[in-house]
Amino acid sequence: MFHHVKELQFNARVSQPDPRFASLLLEQFGGANGELAAAMQYFLQSFGVRQSHPEKYDMLMDIANEEMSHLEIVGATITMLLEGVNAELQEAADKTGWMSMVNSKGDKEEMFQQAMTNPQFLPITGGGPAFTSSQGVPWSASYIHANGDLTVDLRSNIAAESRAKIVYERLLQFTDDPYVRESLVFLMTREIAHYKMFESALESIEHNFPPGVRQGDPHFTHEYYNLSNGASARGPWNEGSGTWNEGEWSYVEDPVKHVIETQGNISDHPIEGTSKTMEEVERMNAELGKKRKEKIKAAVGTGENQWSSYPQKEVASPKKVQKSQAGKSD
Ligand code: MN
Ligand code: MN
2 MFHHVKELQF
12 NARVSQPDPR
22 FASLLLEQFG
32 GANGELAAAM
42 QYFLQSFGVR
52 QSHPEKYDML
62 MDIANEEMSH
72 LEIVGATITM
82 LLEGVNAELQ
92 EAADKTGWMS
102 MVNSKGDKEE
112 MFQQAMTNPQ
122 FLPITGGGPA
132 FTSSQGVPWS
142 ASYIHANGDL
152 TVDLRSNIAA
162 ESRAKIVYER
172 LLQFTDDPYV
182 RESLVFLMTR
192 EIAHYKMFES
202 ALESIEHNFP
212 PGVRQGDPHF
222 THEYYNLSNG
232 ASARGPWNEG
242 SGTWNEGEWS
252 YVEDPVKHVI
262 ETQGNISDHP
272 IEGTSKTMEE
282 VERMNAELGK
292 KRKEKIKAAV
302 GTGENQWSSY
312 PQKEVASPKK
322 VQKSQAGKSD
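For our numbering, add 1 to where a residue sits in the sequence shown, where the first one is 1.
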């Protein structure tokens, strides 16, 4: 269950209203890389690992909740930046606190102009945040990546944190407000921390590459195709061992010739760059598949099932239905 704590995770403050920046900041509220997307992504991913990887469930839920806390900070900041651009404004613009800051008719028009940078703030939200991007594009569940394989999901999360971090970094270029900057630096820094959490969690998984169970066909795993003419760049992505634990890149200088000679990669294609054989791959597929099956079977029961204990004193789900000790039920 969720329990709301009224104190924000970070003490969000603004020096003065700034509708123009509020509009940009909306990107982190309802945009593709924003806090709602992050919170929903980790929340959604957590269900699948509750019973099979309870320690990762704990982490995903903690981070999902932190993202909700960030969403709250961003929403609070946007609202404060829009002070004056609220429902009152439409009825009695001159009476608002915001309007008293405006000295001349020109200033007033300038403020309206800023608010109109994102017209939805005026007639639609009445001066609050909305689940849209800074361009007014409605938030979409298509921003969410949850593939049900923990190594895939953790890599998606590392990518999501990278994007969130860089958006905050860019937003910092558009405000001089020291209070707002303080909040943005906090939010940006937490995304860096989350990146490391997901990376460390990924590293804690044995056989985390390639994702899933099946190994790649060794005929093709280590091949780099030079698919452009002219000068070619060489580096760890196509020469040496790269980040392979075993073997090294095999550079196909002339892929057209290579494809014709191998009849479309099906005949007389040597295994290059790796000492893995097809037999070894088949053996690993079978072994990893069996291991995975046993692990899931041990972790997830069948029939009666229970998600949590009361109180939940262990990380693991109880799985087995706990009959009431007090004799209240049945
Ligand atoms: Mn966040
Ligand atoms: Mn994050």
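Just so you know, even glycine gets a beta-carbon here, dropped at the ideal spot from N, CA and C.
Predicted model only: the values in this text are computed from it and were never measured.
Per DSSP, the beta-bridge partners of Q307 are K320. The beta-carbon distance between V214 and L151, rounded to whole angstroms, is 12 Å. This is too long to meet the 8 Å contact definition. In this structure, S251 and A13 do not form a Cβ contact; the two beta carbons are roughly 54 Å apart against a cut-off of 8 Å. Taking the Cα positions, M279 is about 9 Å away from I272. Ligand 1 never approaches E183 closely enough for any of its heavy atoms to be under 7 Å from the residue's Cβ. Membership of Y252 in any alpha helix (DSSP H) is not indicated; the residue belongs instead to the beta strand (DSSP E) covering 251-253.
Taking the Cβ of H195 as the reference point, at least one heavy atom of ligand 2 falls within a distance shorter than 7 Å.
The C-beta distance from Q307 to K320 rounds to 7 Å, short enough to fall under 8 Å.
Bounds of the beta strand (DSSP E) holding Y225 are 224-226. Linking T263 to A287 through their CA atoms gives a straight-line distance of about 28 Å. When the beta-carbon positions are compared, A77 and Y43 stay at least 8 Å from each other. The beta carbons of D154 and S16 sit no closer together than 8 Å. Counting other Cβ atoms within 10 Å of its Cβ, K277 reaches 16 or more and is therefore classed as buried.
Put simply, the backbone Cα of L172 is about 19 Å away from that of G129. Remark: the C-beta of E280 is outside contact range of ligand 1, defined as less than 7 Å to any heavy atom. In this structure, ligand 2 has no non-hydrogen atom nearer than 7 Å to the beta-carbon of E28. By the CB criterion at 8 Å, G274 and G241 fall outside the cutoff. Beta-bridge partners assigned by DSSP to P271: none are found. With contacts defined by Cβ atoms closer than 8 Å, L82 and F30 do not form a contacting pair.
In this structure, the C-beta of A39 approaches ligand 2 to less than 7 Å from one of its heavy atoms. Ranking H4, I267, E8, G137 by CA distance to the CA of L25 puts G137 first. Annotation: Y225 to P219 spans about 13 Å, alpha carbon to alpha carbon.
Here T80 carries a helix assignment [DSSP, helix/strand/coil]. The C-beta separation of N246 from A161 comes to about 26 Å, leaving the pair out of contact by the 8 Å criterion. Annotation for R215: no alpha helix (DSSP H) segment contains it, and DSSP assigns it neither H nor E. When the alpha-carbon of L9 is set against those of F187, P20, T133, E283, the nearest one is in F187.
With a beta-carbon spacing of about 12 Å, N266 and V257 fall beyond the 8 Å limit used to define contacts. V253 is not a Cβ neighbour of E56, given a cutoff of 8 Å. Here R156 is not near L228, since their CB atoms are 8 Å or more apart. In this structure, Q52 places its C-beta atom within 8 Å of the C-beta atom of S318. Taking every protein chain shown into account, the CB of T222 has 16 or more other CB atoms within 10 angstroms, so this residue is buried. Under the rule that a run must span 4 or more residues, the alpha helix (DSSP H) segments found entirely inside the region 162-206 read 179-204. Taken through DSSP and simplified to helix, strand or coil, P139 comes out as strand. Excluding its 5 nearest sequence neighbours in each direction, E36 has C-beta neighbours in its own chain below 7 Å: Q29, F30, E68, H71, L72, V75, listed in chain order.
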